[in-house]
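Protein sequences appear in the order of chains P and L.
All the letters of the first sequence, read from the start, carry residue numbers 47 to 155 under the working numbering.
All the letters of the second sequence, read from the start, carry residue numbers 5 to 116 under the working numbering.
Reviewing the structure listed below.
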Amino acid sequence: DVKVTQSSRYLVKRTGEKVFLECVQDMDHENMFWYRQDPGLGLRLIYFSYDVKMKEKGDIPEGYSVSREKKERFSLILESASTNQTSMYLCASGPGGAHFGDGTRLSIL
Amino acid sequence: GNSVTQMEGPVTLSEEAFLTINCTYTATGYPSLFWYVQYPGEGLQLLLKATKADDKGSNKGFEATYRKETTSFHLEKGSVQVSDSAVYFCALSDQGTYKYIFGTGTRLKVLA
Chain P
47 DVKVTQSSRY LVKRTGEKVF LECVQDMDHE NMFWYRQDPG LGLRLIYFSY
97 DVKMKEKGDI PEGYSVSREK KERFSLILES ASTNQTSMYL CASGPGGAHF
147 GDGTRLSIL
Chain L
5 GNSVTQMEGP VTLSEEAFLT INCTYTATGY PSLFWYVQYP GEGLQLLLKA
55 TKADDKGSNK GFEATYRKET TSFHLEKGSV QVSDSAVYFC ALSDQGTYKY
105 IFGTGTRLKV LA
């Protein structure tokens with residue numbers, strides 16, 4: 047079974063902080079994704095990567111950046127956290143259907 | 005652009021009732037279609053998928069058929085259980101970019 051591991055289940059940070067969310071997958075997948083999930087809005091794609099050092103913006107990239115230095119690891123970076131980035135963040139890898147981690151519930155105070 | 009529309013919830017059913025959750029899509033080309041389930045406090049799990057027209061995906065008593073003529077992928081189950089209570093997401097994969105596009109989710113509540 048594919049395992050996608052997100053580094054934290056819950057995280058609390060302050061506005062203006064730089065925040066790192068880490069995701070690791072163990073299936074040698076080329077494609078990895080970061081989504082945020084908000085009530086009533088479903089899942090919205092922030093960024094995705096189809097290879098090491100390759101990235102593409104999703105639908106809501108503003109305020110975020112990503113890093114993929116190794117195939118198994120895809121990091122999401124909030125450059126200067128703001129309260130409107132309080133959300134559930136979900137990492138996934140593919141192909142063949144997106145395989146998700148358990149999510150990180152991030153609160154920005 | 006590509007999009008997925010699914011029925012608003014919540015859907016409340018009694019145990020052993022028949023379930024249908026509607027999903028329609030807009031896409032260029034021939035996307036693959038998916039249903040995911042999210043239990044409280046957890047990430048999304050792939051429930052079933054179909055990769056071409058007329059394919060039927062099935063898993064754990066759930067099934068959905070890829071209908072190209074109606075651009076639909078409705079989720080059905082003949083007899084729901086309390087343990088099926090969760091949020092269900094319909095999704096498609098963009099053929100060109102491999103992105104996954106999700107609907108807004110439908111919450112299902114099954115009462116004993």
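Note that the Cβ used here is the ideal one computed from N, Cα and C, for glycine as well.
Treat the numbers as computed from the prediction; the structure is a model and nothing was measured.
Q: Compute the Euclidean distance between the alpha carbons of Ser18 (chain L) and Ser89 (chain L), then round it to the nearest angstrom.
A: 11 Å
Q: Compute the Euclidean distance between the alpha carbons of Lys60 (chain L) and Tyr102 (chain L), then round it to the nearest angstrom.
A: 21 Å
Q.
On a Cα-Cα basis, can you pick out the residue from P:Thr61, P:Ser54 and P:Glu118 that is closest to Val98 (chain P)?
A. P:Glu118
Q. With 16 as the cutoff for other CB atoms within 10 Å, does Thr150 (chain P) come out buried or exposed?
A. buried
Q: May I ask you to report which of helix, strand or coil DSSP gives Thr129 (chain P)?
A: helix
Q) Where DSSP assigns a beta bridge to Phe66 (chain L), which residues make up the other side? A) L:Asn63 and L:Lys81
(Q) Residues of chain P with CB closer than 8 Å to the CB of Lys103 (chain L), please, in chain order. (A) Ordered by position in chain P, the residues that pass the 8 Å Cβ test against Lys103 (chain L) are Phe79, Leu91, Phe94 and Gly104.
(Q) Here's a check: name, in chain order, each residue in its chain whose Cβ is nearer than 6 Å to the Cβ of Val91 (chain L), leaving out the five neighbours to either side. (A) Cβ neighbours of Val91 (chain L) beyond the five flanking positions: Gln42, Gly109 and Arg111.
Q.
Quick check: Leu23 (chain L) and Lys81 (chain L), are their CB atoms within less than 7 Å of each other?
A. yes
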